[in-house]
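Residue numbers (our numbering), protein chains in the order written: chain Z, 79 to 259; chain Y, 15 to 234.
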């Protein structure tokens, strides 16, 4: 199984050490695990031009590290979006990365369980996990809102949200959630 | 009445968020003495100095954005993060949000709307309402009569807001229709959007036959 951590934290976040340990443990179980450290990457925010759907299908107009994000995302079996909860939501760094994966979808709409969603471009999409670092002002309402939004986001990117874990839980718990997915 | 607006669309003043705002604003300005100021936050990242100043001085602030991957665009999240030090600095501020999405059902916007309402409380402002509207990507291909109806409703909402200082719940509900689609409506709407919006657009660019290209691997 190929496991990808998308690290949307700053350099001082506890997430960094957490991910390193999780990668070692997941790898020791014989899986291929890696991370993308977003703060070290260069990518423009999505400008909403839809060229990736109607002009160069499947490819973003920007030639930058968004390309790496898309490639790593679509070739993984499980993607764990990892971020501190800043102002009640994962970081802008993480959200800007997530906005860049729409070339992986097709613009066509289809009926998914009675709701309109986008059609698949590829045959297989990764399952999603969330790894969050709670900050001082993070409360249970924030967590509930994030959970509900990412359940929706997972559906829209053709996967499902398999788990939501926190950096104050044991790494083994997260590894267990990944491996037993 | 003075209304301050931040248009958070990554498309700045040339997107659907702008079109809807224009009609809301012209309704709001129908009341004599009302004034509006608008900022486009995409131009002011990453510091958002004008937006922070506006937040501190506004009486009523409307933040409008399109739905990106089920939430606010990343650049709007940057704006919200920049507001962190402003918590409690303008406690009388009435904070409103407008969220529009391309999906035909307004329901898609309801989840980030909960985030926005919480954000208003987090900043110790007065949560003063959420304007939610689906079906906006189709605006360019919908029959003009339908589009005019949408614009007319934004005008009415803005007008009522300009008169009373409150968002009218009845108008908000009318605007949000359809919240969900019936299976018959799904069968009608989906082919219309796929053919008249996306296929036409791809045809114009001569790429319809490449529509399902898989640049990251044909076998994926």
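For glycine and all other residues, C-beta sits at the position ideal for the given N, C-alpha and C. For clarity, every value in this text was computed on a predicted model and none was experimentally measured.
Where DSSP assigns a beta bridge to residue 19 of chain Y, which residues make up the other side? Within the second chain, numbered from 1, the residue matching residue 19 of chain Y stands at position 5. BP columns for residue 19 of chain Y point to Y:52, Y:76.
Does the beta carbon of residue 208 of chain Y sit closer than 9 Å to a beta carbon anywhere in chain Z? As a first step, residue 208 of chain Y is located in the second chain; it is residue number 194 there, counting from the start. For residue 208 of chain Y, the answer is yes, since a Cβ of chain Z falls inside 9 Å of its Cβ.
Enclosing alpha helix (DSSP H) for residue 206 of chain Y [first to last residue]: Here residue 206 of chain Y refers to the residue found at position 192 of the second chain. In the DSSP assignment, residue 206 of chain Y falls within the alpha helix (DSSP H) that extends over 197 to 206.
Using a C-beta cutoff of 9 Å, does residue 24 of chain Y count as contacting chain Z? Residue 24 of chain Y sits at position 10 when you count from the first residue of the second chain. Interface residue, yes.
Which same chain residues end up closer than 7 Å to residue 213 of chain Y when comparing Cβ atoms and leaving out the 5 residues on each side of it in sequence? Translated into positions along the second chain, residue 213 of chain Y becomes position 199. So the list reads 222, once near-sequence residues are dropped.
From residue 147 of chain Z to residue 90 of chain Y, what distance separates their C-alpha atoms? Position 69 of the first chain, counted from the first residue, corresponds to residue 147 of chain Z. Position 76 of the second chain, counted from the first residue, corresponds to residue 90 of chain Y. A direct Cα-Cα distance of roughly 20 Å separates residue 147 of chain Z from residue 90 of chain Y.
Counting only the same chain and skipping the five closest in sequence on each side, list residues whose C-beta sits under 8 Å from that of residue 81 of chain Y. As a first step, residue 81 of chain Y is located in the second chain; it is residue number 67 there, counting from the start. Within the same chain, and ignoring the five residues on either side of residue 81 of chain Y in sequence, the residues whose Cβ sits closer than 8 Å to its Cβ are 113, 114, 115, 116, 117, 122, 123, 126.
Report the residue from Z:81, Z:85, Z:259 whose alpha carbon sits nearest the alpha carbon of residue 171 of chain Z. Here residue 171 of chain Z refers to the residue found at position 93 when the first chain is read from its first residue. Cα-wise, what sits closest to residue 171 of chain Z is Z:85.
Reference residue 87 of chain Z, options Z:108, Z:161, Z:151, closest by Cα: As a working note, residue 87 of chain Z is residue 9 in the first chain. The residue from Z:108, Z:161, Z:151 with its alpha-carbon nearest to that of residue 87 of chain Z is Z:161.
The alpha helix (DSSP H) with residue 146 of chain Z in it runs from where to where? Within the first chain, residue 146 of chain Z is the residue found at index 68, counting from 1. Residues 144 to 152.
Cβ separation of residue 22 of chain Y and residue 87 of chain Y, assumed to be a contact under 8 Å, to the nearest whole Å: Counting from 1 along the second chain, the entry for residue 22 of chain Y is found at position 8. Counting from 1 along the second chain, the entry for residue 87 of chain Y is found at position 73. Yes, they are in contact, since the Cβ atoms of residue 22 of chain Y and residue 87 of chain Y sit about 7 Å apart, within 8 Å.
Could you name the residues of the same chain whose beta carbon sits closer than 8 Å to that of residue 92 of chain Z, not counting the 5 residues immediately before and after it, in chain order? Here residue 92 of chain Z is taken as the residue at index 14 of the first chain, counted from 1. The beta carbon of residue 92 of chain Z sits closer than 8 Å to those of 211, 245, all from its chain and outside the five residues before and after it, given in chain order.
What are the start and end residues of the alpha helix (DSSP H) that includes residue 41 of chain Y? Here residue 41 of chain Y refers to the residue found at position 27 when the second chain is read from its first residue. Counted as a single uninterrupted DSSP element, the alpha helix (DSSP H) harbouring residue 41 of chain Y occupies residues 30 to 42.
DSSP has residue 195 of chain Z in a bridge; who is on the other side? Taking the first chain and counting its residues from 1, the one referred to as residue 195 of chain Z is at position 117. DSSP lists Z:188 as partners of residue 195 of chain Z.
Should residue 207 of chain Z be flagged as near chain Y, meaning a C-beta pair shorter than 9 Å? Your numbering for residue 207 of chain Z matches position 129 in the first chain. So no, residue 207 of chain Z is outside the interface.
Determine the DSSP secondary structure at residue 95 of chain Z, reduced to helix, strand or coil. Stepping through the first chain from its first residue, residue 95 of chain Z is reached at position 17. Helix at residue 95 of chain Z.
Sorted by chain position, which residues of the same chain lie with C-beta nearer than 7 Å to residue 167 of chain Z's C-beta, five sequence neighbours on each side aside? In the first chain, the residue the question calls residue 167 of chain Z occupies position 89. Here the set comprises 224.
If contacts are defined as beta-carbon pairs under 8 Å, then residue 220 of chain Y and residue 187 of chain Z qualify, I think. What distance do you get, rounded to the angstrom? For the purposes of this step, residue 220 of chain Y is taken as residue 206 along the second chain, with counting starting at 1. For the purposes of this step, residue 187 of chain Z is taken as residue 109 along the first chain, with counting starting at 1. So it is not a contact: roughly 22 Å between Cβ atoms.
Under a three-way DSSP split, which group does residue 114 of chain Y fall into? Within the second chain, the letter at position 100 stands for residue 114 of chain Y. The answer is strand: DSSP assigns residue 114 of chain Y an E or B state.
Own chain residues within Cβ distance below 7 Å of residue 199 of chain Z, not counting five before or after: On the first chain, position 121 is the one that residue 199 of chain Z refers to. Scanning its chain for C-beta atoms nearer than 7 Å, with the 5 sequence neighbours on each side dropped, one finds around residue 199 of chain Z the residues 136, 182, 183, 184, in chain order.
Of the residues Y:185, Y:54, Y:76, the one placed nearest residue 18 of chain Y, counting alpha carbons only: The sequence position of residue 18 of chain Y within the second chain is 4, counting from 1. It is Y:76 whose Cα lies nearest to the Cα of residue 18 of chain Y.
Check the Cβ of residue 230 of chain Z against every Cβ in chain Y and list those closer than 8 Å, keeping chain order. Taking the first residue of the first chain as position 1, residue 230 of chain Z is located at position 152. Ordered by position in chain Y, the residues that pass the 8 Å Cβ test against residue 230 of chain Z are 84, 122, 125.
Check the C-beta distance from residue 139 of chain Y over to residue 107 of chain Y and give it rounded, since I have them as a contact under 8 Å. On the second chain, position 125 is the one that residue 139 of chain Y refers to. On the second chain, position 93 is the one that residue 107 of chain Y refers to. Indeed, because the Cβ distance is near 4 Å, the residues count as touching under 8 Å.
For residue 218 of chain Z, name the three-state secondary structure that DSSP assigns. For the purposes of this step, residue 218 of chain Z is taken as residue 140 along the first chain, with counting starting at 1. Residue state, collapsed to three classes: helix.
Nonlocal neighbours in the same chain, by C-beta distance under 6 Å from residue 149 of chain Y, ignoring five residues either side: Position 135 of the second chain, counting from 1, holds the residue named residue 149 of chain Y. By the criterion of a C-beta distance shorter than 6 Å, residue 149 of chain Y is surrounded in its chain by 118, once the five residues flanking it on both sides are discounted.
Run through chain Y and tell me which residues come within less than 7 Å of residue 187 of chain Z, C-beta to C-beta. Indexing the first chain from 1 puts residue 187 of chain Z at position 109. By Cβ distance, chain Y contributes 204, 207, 208.
Report the partner residues of residue 132 of chain Y according to the DSSP bridge assignment. Numbered from its first residue, the second chain carries residue 132 of chain Y at position 118. Partner(s): none; residue 132 of chain Y has no beta bridge.
Rounded separation between residue 221 of chain Z and residue 46 of chain Y - CA only: For the purposes of this step, residue 221 of chain Z is taken as residue 143 along the first chain, with counting starting at 1. For the purposes of this step, residue 46 of chain Y is taken as residue 32 along the second chain, with counting starting at 1. For residue 221 of chain Z and residue 46 of chain Y, the gap between their C-alpha atoms comes out near 44 Å.
Can you find the residues in the same chain that come closer than 8 Å, C-beta to C-beta, to residue 163 of chain Z, ignoring five residues on each side of it along the sequence? By 1-based counting over the first chain, the position of residue 163 of chain Z is 85. Cβ within range, chain order: 210, 211, 212, 213, 216, 220, 221, 224.
Buried versus exposed, by CB contacts within 10 Å (16 or more), residue 38 of chain Y: Start at 1 with the first residue of the second chain, and residue 38 of chain Y comes out as number 24. The residue in question, residue 38 of chain Y, is buried, as its Cβ has 16 or more Cβ neighbours within 10 Å.
Option in Z:110, Z:203, Z:128, Z:118 with minimal Cα separation from residue 230 of chain Y: Taking the second chain and counting its residues from 1, the one referred to as residue 230 of chain Y is at position 216. Of the listed residues, the one whose Cα sits closest to residue 230 of chain Y is Z:203.
In chain Y, which residues lie less than 9 Å from residue 119 of chain Z when you measure between Cβ atoms? Indexing the first chain from 1 puts residue 119 of chain Z at position 41. The contacting residues do not exist; residue 119 of chain Z stays about 13 Å from chain Y at best.
What does DSSP give as the partner residue(s) for residue 92 of chain Y in the beta ladder? Position 78 of the second chain, counting from 1, holds the residue named residue 92 of chain Y. Paired residues: none, contrary to the question.
Suppose the cutoff is 8 Å on Cβ atoms and the five residues either side in sequence are ignored; what does the same chain contact list for residue 153 of chain Z look like? Stepping through the first chain from its first residue, residue 153 of chain Z is reached at position 75. Taking residue 153 of chain Z as the centre and dropping the five residues before and after it, the same chain places the C-beta of 80 closer than 8 Å to its C-beta, in chain order.
Run the CB neighbour count on residue 196 of chain Z, radius 10 Å, all protein chains shown included, and call it buried at 16 or more, exposed below. Residue 196 of chain Z sits at position 118 when you count from the first residue of the first chain. It counts as buried.
Could you name the residues of chain Y that residue 202 of chain Z contacts, counting a contact when the two beta carbons are closer than 8 Å? Here residue 202 of chain Z refers to the residue found at position 124 when the first chain is read from its first residue. Ordered by position in chain Y, the residues that pass the 8 Å Cβ test against residue 202 of chain Z are 234.
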